[in-house]
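So the structure is just underneath, and the comments pick up after that.
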Amino acid sequence: MDASAIASREAGLHKDLSRRQLIMIGLGGAIGTGLFMGSGQAIGYAGPAVIISYAIAAIAAAAIVLSLSEMAVMHPTAGSFGTYAEIYLNPWAGFITRYSYWMAQVIAVGAEAVAAGLYMTFYFPGTPVWMWSLGFAFVLLYFNSRSVNNFGSIEYFIILGAASIFGLWTQPIGFHNLTGLPGGFMPKGFSGVWLAVILGVLSFNGIEVIAVTSGEAKDPVRTIPAALRTMALRLFLFYILALTIVVTFVPWTETGATIVTQSPFVRIFAHSGIRHAAGIMNFVVLSAALSSMNTNVYLCSRMLFSLSRGGFAPQILGRLGKNGTPIVAILVSGGCILAAAGLSKLTPKAYGYLFGVALFDAMIVWIIILLSHLSFRRRHKLADLPVRTPGFPVVQLVGLGLLVAILVTMGLDKEIWYISWVVGIPWLLLLSAGYFIMRSRIARRAAESAASTAPRASAVPANLDGG
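13 is the number of the first residue of the sequence shown in my numbering; add one for each residue after it.
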């Protein structure tokens, strides 16, 4: 597949994003309910050993960062890893990647809306979650926050928590909650740790957003690798340090839950005795959810834009507004998000179900990213790469192994995560059928167009040469 042809068909987006803006967009997508809400479920699985779970998940995230750093610089397009799959694997893989990622983000935003609805019940107990969820989904299309404030709030949380643990100005909490509770540091064994890795991967999902922004980045050769490295380091430190504070500050039996109804961060401040602290922290995590929703709508719209420009979605979705944004793609994605958020009215497990399906698709995308990078390296000489990352191919192969193992684990789980397979596999089959139907239609239209424009052959006598 001609990389330059794909890049030219996705042209038109304004290239105005700086390195700082790329990082803020990335953090906005990754620091959402995965940290503030999903961590409660992860703690319920693993106890204090959730720290190990997130460290394992960070290995897979690191593989994605290293792979994308090389490919995004070579091909800065809106289709990003969907484009890479189309170029280095096959058009079917590119199609599957774009639509799967679009669905994953639509569902993820719907689940963020569900989480935002749960947060609002802190202020208004007894109000229906679905009402808040749909309300926030509507507001989403006009919401223009960024994660810089949430970023600072997490720093404050880590500093305050560490000071309390070591007793810098109060009686030290110590480390009893890490090892001194029944069951010790790993109360549910490695099986619990491994289940929590699912939530860890979910939390780091969004780290790939910077590759999507590459089509609108200034000087992508410099800004993209730097932004990816910076964001990966910040996320790793924040998640590991923040969760260490959580399981040290409050017994894991009080912050962990199978069905999450409140952020463990809010529970910590509720235990602190500081007046209004829990309400303030609840506002912080609510802001994080809304910021994450805002970023994910950006991702959804760019994927639909890329599909449209490739001929695999209605042409209207590829149109750009006066400000260089795909307005129609944003509105269509918004309607689908409303439907996803509305599921919160049907079941109290909507949060886990929505993220289970989103995680299946997101991990399929991560797997395709790593496979694309393996093929990418085979086609390019090292000397020709503007950016070269260490650890190839060991990091990529380890990441692939982890992701495949997690997918299998999700399929074997009988409580929540099995739903990802129940919905995910039919989704992939449906996508594949749609791809081959659309490809045949595109080929037929191309053949008809070629036939209608081809010059008619002039009538030439058979024996013109006298033979």
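All C-beta atoms, glycine included, are put in the ideal place defined by N, C-alpha and C.
Roughly how many whole angstroms lie between the Cα atoms of residue i and residue j?
i, j, result
"I431", "F388", "33 Å"
"I428", "V121", "19 Å"
"F324", "L253", "43 Å"
"S92", "P326", "20 Å"
"M86", "L397", "8 Å"
"V406", "V221", "23 Å"
"A105", "M305", "26 Å"
"Y310", "L343", "11 Å"
"A58", "V77", "26 Å"
"F163", "T307", "Confidence in F163 is poor, its pLDDT being 44 and thus under 50, which makes the residue's placement unreliable; the coordinate value appears in the next sentence. Using only the alpha carbons, I get a separation of about 15 Å."
"M132", "S51", "18 Å"
"I380", "P199", "35 Å"
"M243", "Y66", "16 Å"
"F404", "S444", "31 Å"
"R247", "E460", "Looking at the sequence shown, residue 247 is not Arg but Leu. Straight-line Cα distance between these residues: approximately 52 Å."
"L211", "K393", "37 Å"
"Q408", "K334", "40 Å"
"I349", "G147", "12 Å"
Excluding the five sequence neighbours on either side, which residues of its own chain have a C-beta within less than 6 Å of the C-beta of residue i, listed in chain order?
i, result
"S81", "P237, L240, V399 and T401"
"G411", "A72, A75 and L382"
"S112", "D373, I376 and V377"
"M115", "D373"
"T465", "none"
Does DSSP put residue i in a helix, in a strand, or in coil?
i, result
"G59", "helix"
"D231", "coil"
"N308", "helix"
"T401", "coil"
"L415", "helix"
"T337", "coil"
"I219", "coil"
"R331", "coil"
"Y135", "coil"
"A325", "coil"
"D373", "helix"
"G436", "helix"
"T465", "helix"
"N102", "coil"
"I428", "coil"
"G201", "helix"
"Q117", "helix"
"F248", "helix"
"I185", "coil"
"P194", "coil"
"T109", "helix"
"P237", "helix"
Which same chain residues, not among the five before or five after residue i, have their C-beta less than 7 Å away from its C-beta?
i, result
"F317", "A90, L329, G330, P338 and A341"
"I454", "G323"
"G436", "V369, F372 and D373"
Could you work out which residue in the options is closest to residue i when comparing CA atoms only?
i, options, result
"P88", "I55, V224, S79 and T109", "V224"
"A61", "R391, P326 and L255", "L255"
"T191", "G179, L441 and V259", "V259"
"P263", "L311, G186 and G218", "G186"
"G179", "F202, F261 and V209", "F261"
"V205", "A105, A69 and I119", "A69"
"L101", "M422, V377, V141 and A455", "V377"
"S345", "I119, I454 and L419", "I119"
"E124", "W144, F107, Y135 and F134", "W144"
"S79", "Y96, S65, I64 and A67", "Y96"
"R314", "Q117, M450 and R234", "Q117"
"L424", "K230, L207 and A54", "L207"
"L440", "V213, V233, C348 and A370", "A370"
"V233", "G201, A84 and L211", "A84"
"R390", "R246, I99 and V213", "I99"
"F250", "F107, E266, S215 and G336", "S215"
"P140", "L358, D231, G94 and L247", "L358"
"P438", "Q408, I108 and S320", "I108"
"C312", "L245, E266, V416 and G347", "G347"
"T421", "P194, F202 and Y447", "F202"
Should residue i be listed as close to the ligand NAP, given that the test is whether its C-beta is under 8 Å from any heavy atom?
i, result
"N189", "In the structure on display, the ligand NAP does not appear, and there are no ligands present to speak of."
So with Cβ pairs under 9 Å, would you call residue i a contact of chain D?
i, result
"A174", "Protein chain content of the structure displayed is limited to a single chain, and chain D is not contained in it."
Might you give, ordered along the chain, the residues of its own chain that have their beta carbon closer than 8 Å to the beta carbon of residue i, omitting 5 neighbours on each side?
i, result
"I177", "P184, I185, G186, F187, I257, T260 and F261"
"V416", "I379"
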